[in-house]
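So the sequence shown is numbered by the working numbering: it starts at 56 and just counts up by one.
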Amino acid sequence: MDTETVIVAAPVAGERQEHHSYIDWPAVIGGVVLASAISLVLLAFGSAIGLSFANFEAGADVNPIWIAIAAASWLLWVQISSFMAGGYLTGRLRRRFNDATEDESDIRDGAHGLLVWAGALVVGAVIAVGGIGAAVNAVGSTVSTLTAAAANVAGDAAEGGLDPQAYFVDTLFRAPPGSVPAVGSLQDYRGEAMRILANGAVTGTVSDPDKTYLAQLVSANTGLSPEDATTRVNEVLTAVDQVRAQAADAAEAARKWTVLGAFLTAASLLVSGAGAYWAAMKGSNHRDKNTVIPGFGRF
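Right under this line is the structure:
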């Protein structure tokens with residue numbers, strides 16, 4: 056009886072293999088999932104201990120700059136470590152095609168690490184946009200509820216509560232201690248004084264004629280002498296200027312922190328991209344050498 060001998064030829068190093076793409080997408084997706092999971096876990100842990108770069112608070116005896124540095128360092132560590140872990144996993148899992156030199160293979164492995172980095176960034180952006188959208192919806196619902204509630208309040212009371220100048224206008228017409236308040240409604244005078252302050256807020260200063268007129272209104276409605284009324288007007292205008300300066304300082308500080316945060320985030324992302332590239336090449340090197348990591352092999 057004749058027998059047939061079947062010979063199976065083993066792949067020869069350097070022989071071209073049939074394939075559809077040099078990109079090993081399953082390995083890339085695995086790296087993206089791992090990098091995203093590690094990043095979420097570490098960020099959640101950092102938020103739990105107060106290392107949130109977006110919202111941190113310091114004690115009375117702690118300089119906020121040190122808290123900001125700690126939060127930025129934590130963010131840098133989270134991004135680099137998570138992307139490097141994802142890149143290493145992808146490099147270790149990527150199927151190598153024996154149609155390129157060692158240098159070309161290293162570049163392909165590193166490119167897979169960059170794909171992990173880019174994919175994880177896209178996933179993070181989607182999560183961030185989803186979170187912002189949910190927050191916007193929540194704020195919109197809250198605003199709608201507050202608006203409906205405010206509609207049930209008397210018009211004059213609502214206006215006095217919502218106008219940021221109302222407090223300062225009230226101080227203009229407070230009667231001195233022990234005196235009897237002026238008889239009659241102050242609605243017209245308060246409205247006129249409020250418009251004067253609003254105009255001063257727009258132009259940046261209250262003119263001398265407006266100051267003199269305000270002093271006359273205060274004197275006529277509170278019983279203060281013209282000198283005392285002028286002093287009260289100046290005190291209130293000084294308080295308004297201080298509040299305006301504080302608001303401007305807070306806005307400038309917020310702008311600076313926003314710029315600093317954006318710069319640090321961009322820099323850390325660039326560094327983490329380079330880390331993912333290097334880790335993917337290191338993972339592929341361990342793959343080719345069948346390197347066993349202590350503690351992760353057979354027990």
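We put the beta carbon where it would ideally sit given N, CA and C, even for glycine.
In this text, all values refer to a predicted model and were calculated from it rather than measured experimentally.
Kindly indicate which three-state DSSP category residue i falls into: helix, strand or coil?
i: D343; result: helix
i: G246; result: helix
i: S137; result: helix
i: R53; result: It is not possible to answer for residue 53, since the shown part of the chain is limited to 56 through 354.
i: Y143; result: helix
i: D79; result: coil
i: I84; result: helix
i: G174; result: helix
i: V291; result: helix
i: G278; result: coil
i: V326; result: helix
i: I182; result: helix
i: T286; result: helix
i: P264; result: helix
i: T313; result: helix
i: T320; result: helix
i: T258; result: helix
i: I357; result: What is shown of the chain runs 56 to 354, which leaves residue 357 out entirely.
i: D211; result: Bear in mind that the predicted position of D211 carries a pLDDT of just 46, short of 50, making it unreliable; the figure below should be weighed with that in mind. DSSP places D211 in helix when its eight states are reduced to three.
i: A166; result: helix
i: I104; result: coil
Let me make sure I understand the geometry here. Which of the options has the alpha-carbon closest to that of residue i?
i: R151; options: A183, A82, A256 and R287; result: A82
i: I78; options: W333, W132, A166 and A125; result: A166
i: N289; options: Y268, N276, W333 and D304; result: Y268
i: G101; options: I120, Q134, A275 and W172; result: Q134
i: A142; options: L131, W121 and S91; result: Reading off the sequence shown, one finds Gly at residue 142, where the question assumed Ala. Nearest of L131, W121 and S91 to G142, Cα basis: S91.
i: L176; options: F223, S94 and I124; result: S94
i: S136; options: R342, I348 and V326; result: V326
i: G179; options: A127, I104, A123 and V96; result: V96
i: L315; options: I120, I84, L98 and G85; result: I120
i: L98; options: T277, L272, A123 and L130; result: L130
i: A248; options: S76, G259, V257 and L227; result: L227
i: S323; options: G85, I348, W132 and K311; result: W132
i: V257; options: R299, D263, T285 and F223; result: R299
i: W333; options: R149, D161 and L89; result: D161
i: M382; options: I124, E159 and A123; result: Lying before the first or after the last residue shown, residue 382 is absent from the chain, which here runs from 56 to 354.
i: Y244; options: L272, A123 and R149; result: L272
i: G85; options: A123, R149 and I124; result: R149
I believe residue i touches residue j by the beta-carbon criterion, under 8 Å. Please report the beta-carbon distance rounded to the nearest angstrom.
i: A331; j: M139; result: 6 Å
i: R147; j: R342; result: 5 Å
i: L169; j: G338; result: Going by Cβ atoms, the distance from L169 to G338 rounds to 13 Å, so no, they are not a contact pair.
i: A365; j: L292; result: Any answer about residue 365 is impossible in this case: the structure gives the chain only from 56 up to 354.
i: A303; j: A284; result: Incorrect: roughly 29 Å between the Cβ atoms, too far for contact.
Would you decide whether residue i is buried or exposed? Buried here means 16 or more other CB atoms lie within 10 Å of its CB.
i: R250; result: exposed
i: V87; result: buried
i: T156; result: exposed
i: T145; result: buried
i: Q301; result: exposed
i: W80; result: exposed
i: W172; result: buried
i: N254; result: exposed
i: D265; result: buried
i: T313; result: exposed
i: G246; result: exposed
i: R310; result: exposed
i: G174; result: buried
i: N153; result: exposed
i: N345; result: exposed
Give a single yes or no on whether residue i has its beta carbon closer than 6 Å to a heavy atom of the ligand ATP.
i: G85; result: Ligands are entirely absent from the displayed structure, and the ligand ATP is therefore not among its contents.
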